[in-house]
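263 is the number of the first residue of the sequence shown in our numbering; add one for each residue after it.
Just below is one structure, and these are the notes that go with it.
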Amino acid sequence: MSAIDRIRAIDPIFQLHWFIGITAGIVLMLIGVTGGLMSFQEDILEWINADQVAHFENDQRLSPPALIARYEAEHPGHAVSSLFWRQDRPYPVFLGYRTPETTGRRGERAMLDPTTAEPIGMLRGQWTFGLIRQLHQRLAAGATGKFIVGISTIALVLLSITGLWIRWKRRPRQGWRWLWPRALGGKLAGEWHAVLGLWALLAYLIASLTGLWWSFDWYRDGAKALFESETSAHVELAQATESVDIDRIWASIAPRLDDAKSVFIRLPREARDPVEVHYVPANAFHRFADDELFVHPSSGDILGEARFTDEATGNQLLASLYALHMGAFFGTPGVIVMMIASFAMPVFFVTGLLLYLRRRRMKRQVAATPSVHADAPPGADTLLVAYASQSGLAQRIATQTAAALQSAGRAVRMSGLNEIQPASLRDHRQALFVVSTHGEGDAPVAARAFDRRFCSATTPRLEELDYALLSLGDTDYADSYCAFGRRFDRALRERGARTLIAPIEVDKADATALADWHAALAGLFGTTNADLEPVFDRWRLSARSILNPDSLGEPTACLRLEPIEASATHWQAGDIVEIRPRQPQTTIDAWLQQHGIDGQAPVVHADRAQPLRSALADRHLPDDVAGVTDDVQTWFDGLAPLAARDYSIANIGDGAIELLVRLARHEYGTGLASGWLIERAEIGDTVDLRLRANPGFRGDAKTRQSPAIFIGNGTGMAGLRSHLLDRIDNGQHANWLLFGERQRAVDFYYGERLTARHHRGEIAHLDTAFSRDADDGRYVQQALAEHAARLRDWIDNGAFVFVCGSHDGMATGVTATLVEILGAETVEQLNDAGRIRMDVY
263 MSAIDRIRAI DPIFQLHWFI GITAGIVLML IGVTGGLMSF QEDILEWINA DQVAHFENDQ
323 RLSPPALIAR YEAEHPGHAV SSLFWRQDRP YPVFLGYRTP ETTGRRGERA MLDPTTAEPI
383 GMLRGQWTFG LIRQLHQRLA AGATGKFIVG ISTIALVLLS ITGLWIRWKR RPRQGWRWLW
443 PRALGGKLAG EWHAVLGLWA LLAYLIASLT GLWWSFDWYR DGAKALFESE TSAHVELAQA
503 TESVDIDRIW ASIAPRLDDA KSVFIRLPRE ARDPVEVHYV PANAFHRFAD DELFVHPSSG
563 DILGEARFTD EATGNQLLAS LYALHMGAFF GTPGVIVMMI ASFAMPVFFV TGLLLYLRRR
623 RMKRQVAATP SVHADAPPGA DTLLVAYASQ SGLAQRIATQ TAAALQSAGR AVRMSGLNEI
683 QPASLRDHRQ ALFVVSTHGE GDAPVAARAF DRRFCSATTP RLEELDYALL SLGDTDYADS
743 YCAFGRRFDR ALRERGARTL IAPIEVDKAD ATALADWHAA LAGLFGTTNA DLEPVFDRWR
803 LSARSILNPD SLGEPTACLR LEPIEASATH WQAGDIVEIR PRQPQTTIDA WLQQHGIDGQ
863 APVVHADRAQ PLRSALADRH LPDDVAGVTD DVQTWFDGLA PLAARDYSIA NIGDGAIELL
923 VRLARHEYGT GLASGWLIER AEIGDTVDLR LRANPGFRGD AKTRQSPAIF IGNGTGMAGL
983 RSHLLDRIDN GQHANWLLFG ERQRAVDFYY GERLTARHHR GEIAHLDTAF SRDADDGRYV
1043 QQALAEHAAR LRDWIDNGAF VFVCGSHDGM ATGVTATLVE ILGAETVEQL NDAGRIRMDV
1103 Y
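Below, the structure is given as structure tokens:
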């Protein structure tokens, strides 16, 4: 496997991204909102205090010497230390002063009317903005708040970088499409979260990297060491002087300040310090790019100057940090952009939280096998319930069985056969086994190691074990029907185990046979003989399209189903839907006519009254109709429902389900389920459907972090596609797809989209085989054999193998090819480790 494939298999960056977002999100939201509010603070204050400040611009302003003289006359004992005023807008003068009682370096400050030198009270809104600034800088919590803000700012840097990485992994080399959401409907919030984050990425990086300057001394010292250069502009007086002649100073500097936007004068504190004058020229790069004059305190001579434009680039950068932080570095448009990005911070927190909760909800509500805590310790009083499941049905029945036994007060231990050592069966006196048969009489993949150790051996002896066995199979495979169940039953008997009841065999999840199982449990253990099967929900067929209209084979349809009334609408990649088919109305009418039954007789079905001819749509039509004339309702209630058909789900997410269904055709016509779904059902018709977890084909945390090989044919593309969409959506691109069908031109389902994903790097390798094409003629197992070296490399690097499609031909051929390339022992080890997962039919 290439280095790129290994990199793509890593997913901790996504985990880091959501963890930081959830933990630091509230603080970042507060910092963002307060920062946005401060973007146009001066304009807002000017607007809401227009009646107070309008005359600042219209009336004659006092010169600095006059203002200082008038202030000191009115306030004896106040020694003026600094002045700041704006000349580009009506603004109070901020005057710094010191008194004999003053402590600290900054001194005191007063806000003056620039036309009278009278102190003015706090402007409307000034206290509010002061609190907003405290919240922004320190959470209004002193040093502790400052530290939290600093850590959260670092978190914003990590969020920006990890978010960019995640976006790149999911949509590499797509250019402008990064800037626009790709999804509509359920995932729109997630796409906007990513797209808006990309739009605001630069703003967040600038704001956070500059904001850290005020948060941590180590960051500030590091920035200075990296960017700051020595400057020769600092001036020290040759001789000490105690006198400050503000008139001479002003006369000297006033010509320089005529067009300045703002001026700050700092009077000397020490005898050898000059007067420092900072001003922002009219043509300054931004409103914090100030030039500096050094003036002799007594003579007013200008001793030196430092222009912003003459500074080294590093010094200019450090002097511009605040302008960069608030966006003013780029003028008013930059301030607006930074303000919008700041106000968008709650959007990211809310959408990120919704995505997090959605993932949590999906994990809880996914079509999971109901869980029970059946972990009583082994012993004579503990009833063992063990299962061997390929598609999840046996596990679900075992779980229902364990729950019923617990409700009856029995101590229960439930386990998969793959988790049991044959010798441990001797620890129990009673056991219930629910097993399915897979392929040509094989045990389910996960239970094959147990099959080899137990059914092919003569030990252990189990004379003290009583057991009951429920064996699941499919009579369409007559030669291997319930073969593993029968083999397992024979091995139990040979070891001396005794049967509690005769083994029950279930054809295609037949409801009658399952009812016999539950009735037997009620007789043996006092369980409630209730219908424990999950109910079918009502869904609507919302769309249908034929994907291969000119194919040599039967039509294959893409179906879209939407919930009407559904208890669960979430699933995982690899899961299955069970759909209850409908009898053709012509078949029902012919049967009614044959037996002389009134099809308009009312019966109650699905909680509503309806004619018998409608209610029979999902029921077996028996040859024996005895009793129908005595009580139609009782007779109807005794009819067995049609067995549900299983279909692999072809998409991920929640809401609508997509299926790939091929029309089955036999000597009596079309398949009961496929014929209804493709030919007879109308768009908008109701479909009885329930979701079922498929543990033997699902992914998990380990598979999502590992490379994966997907092999299939025909409608097996459905199960493979759901895995690919899930992995790609989570940034996993170490995917190798091998797919086979008849003709590339018409039977390559989702071919254009899969090829596009391959070109974008979301599918590392895409290999196809089309058996009826003149220039191909291969099957998918032959395509796999052609890449034997790559297969060994991927397996050596921890790849999982997912196989979905037909059992006959494809699955058996793929298994044989795996054995030929990797060796039988390696394939057995991969099966035992759960690294080969199959969903075949």
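C-beta atoms are modelled at their ideal positions from N, C-alpha and C, and glycine is treated no differently.
Take S653, set aside five residues on each side of it, and the residues of its chain with a beta-carbon closer than 7 Å to its own are I838, D908, N956, G958, D1101, in chain order. Per DSSP, the beta-bridge partners of Q692 are L645, D728. Its chain contains V865 as the residues whose beta carbon lies nearer than 6 Å to that of F898, once the 5 sequence neighbours on both sides are disregarded; these appear in chain order.
Across the set D704, G287, F547, the C-alpha of G287 shows the shortest separation from the C-alpha of T613.
According to the DSSP secondary-structure assignment, A372 is paired through a beta bridge with L357. Apart from sequence neighbours up to five positions away, the residues of its chain that approach G576 with a beta-carbon distance below 7 Å are F489, E490, S491, ordered along the chain. Here the alpha carbons of W427 and I310 stand approximately 44 Å from one another.
Per DSSP, R569 lies in no alpha helix (DSSP H) and is assigned neither H nor E. Three or more beta-carbon pairs separated by less than 8 Å are not found between the region 525-539 and the region 592-603, which leaves the two stretches without contact.
The beta carbon of F346 sits closer than 6 Å to those of F356, F526, all from its chain and outside the five residues before and after it, given in chain order.
Around the Cβ of Y930, a 10 Å sphere holds fewer than 16 other Cβ atoms; the residue is exposed.
With 16 or more other Cβ atoms inside 10 Å of its own Cβ, V768 counts as buried. Counting only residues of its own chain and dropping the five nearest sequence neighbours on each side, T296 has a CB closer than 7 Å to the CB of I394, L397, H398. When DSSP states are grouped into helix, strand and coil, A708 belongs to the helix group.
Secondary structure note for Q872: its beta strand (DSSP E) is the uninterrupted segment 870-873.
Rounded to whole angstroms, the separation of the alpha carbons of L374 and L324 is 11 Å. Look at N320 here: in three-state DSSP terms it is helix. DSSP, reduced to helix, strand and coil, places S936 within a helical segment of the structure shown.
Around the Cβ of A666, a 10 Å sphere holds 16 or more other Cβ atoms; the residue is buried.
Per DSSP, the continuous alpha helix (DSSP H) segment holding M291 begins and ends at 274-299. Where A1031 is concerned, the enclosing beta strand (DSSP E) starts and stops at 1027-1032. Just measuring C-alpha positions, the residue of T932, N913, E816 sitting nearest R983 is N913. For S910, the three-state secondary structure derived from DSSP is strand. For Y541, the enclosing beta strand (DSSP E) covers residues 537-542. Separation of A745 and T761 (C-alpha to C-alpha, rounded to the nearest whole angstrom) is 18 Å.
When the beta-carbon positions are compared, A664 and T644 stay at least 7 Å from each other.
Scanning A312, R400, E363 for the CA closest to the CA of L290 turns up R400.
Judged by pairs of C-beta atoms under 8 Å, the region 600-610 touches the region 458-470, as three or more such pairs exist. Between G1067 and G978, the CB-CB gap stays under 7 Å. In the DSSP assignment, W476 falls outside any alpha helix (DSSP H) and carries neither an H nor an E. Taking the CA atoms as reference points, K408 sits about 38 Å from P559.
Distance between F1064 and A1086, taken at the CA atoms: about 18 Å. Taking the C-beta atoms as reference points, A943 is found nearer than 7 Å to L803. Around the beta carbon of P843, a 10 Å sphere encloses 16 or more other beta carbons of the protein chains shown; the residue is thus reported as buried. In this structure, I511 sits away from V542, with a CB-CB distance that is not shorter than 7 Å. Counting C-beta pairs with one atom in each stretch, the region 811-824 and the region 1000-1008 have three or more that are closer than 8 Å, which means they touch.
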